[in-house]
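Trainee:
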Amino acid sequence: MTYAKPLPVPDPDSAHFWAGCRSHRLLIQRCHACGTHRFPAGPFCPACRSRDTDWIEASGRATVFSWIVVRHPVPREVYQDDVPYVVALVTLEEGPRMATNIVGCPPEAVTAGMPVEVVFDTVTAEIALPRFRPIPAGAR
Ligand SMILES: [Zn+2]
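In the numbering used here, the protein residues as written are -7 to 132.
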């Protein structure tokens, strides 16, 4: 079956990130010179301008920073079965923020600072999308 929704197109900076997602690992860059973590991937460190970069596997744990609830499917024929859904910014344990979806709970249950963990949604042979779900209170 064809995946009808927009897909990310890996570029030279993000290809390693998407390869990580494909194997269900959340990879982010860490500056080799100053240790700053960054996402999205880029050619140099925004803190110190170094081009010397490592990739690390993030813990996959984050907290909800901000979110919206999408209720109007655009385009309708592609998203009508998904609404309402949550588009969120989460703050990774390592520091960078990531735009994602919150899944695994009703939109009304999302709160600021809510602990979440990454889950990967394999949508094509090439692309697995990182989304986040609440961490149960007993597992925090
Ligand atoms: Zn740096």
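Don't be surprised by glycine CBs; every beta carbon is placed ideally from N, CA and C.
Using a threshold of 8 Å, state whether the C-beta atoms of Ile20 and Phe31 are closer than that.
Mentor: Yes, the pair counts as a contact, with Cβ atoms nearer than the cut-off.
Trainee: Using a Cβ distance threshold of 8 Å, determine whether the region 110 to 130 contacts the region 2 to 22, with at least three qualifying pairs required.
Mentor: yes
Trainee: For Glu118, which three-state DSSP category applies?
Mentor: coil
Trainee: Does the beta-carbon of Ala25, which I'm using as the reference point, lie nearer than 7 Å to any heavy atom of ligand 1?
Mentor: Short note on Ala25: C-beta closer than 7 Å to some heavy atom of ligand 1.
Trainee: What are the start and end residues of each continuous alpha helix (DSSP H) run of 4 or more residues lying completely inside the region 19 to 105, in chain order?
Mentor: 68 to 71
Trainee: Is any heavy atom of ligand 1 found at a distance shorter than 7 Å from the C-beta of Ala33?
Mentor: no
Trainee: Starting from Arg9, follow its DSSP beta bridges and name the residues at the other end.
Mentor: Rather than Arg, the amino acid found at residue 9 in this sequence is Phe. According to DSSP, which records beta bridges pairwise, Phe9 is partnered with nothing at all.
Trainee: DSSP three-state call for Arg123: helix, strand or coil?
Mentor: strand
Trainee: Are the beta-carbon atoms of Trp59 and Val110 separated by less than 8 Å?
Mentor: no
Trainee: Quick check: the region 21 to 29 against the region 38 to 52, are at least 3 beta-carbon pairs closer than 8 Å?
Mentor: yes
Trainee: Are Val78 and Pro99 close, meaning C-beta to C-beta below 8 Å?
Mentor: yes
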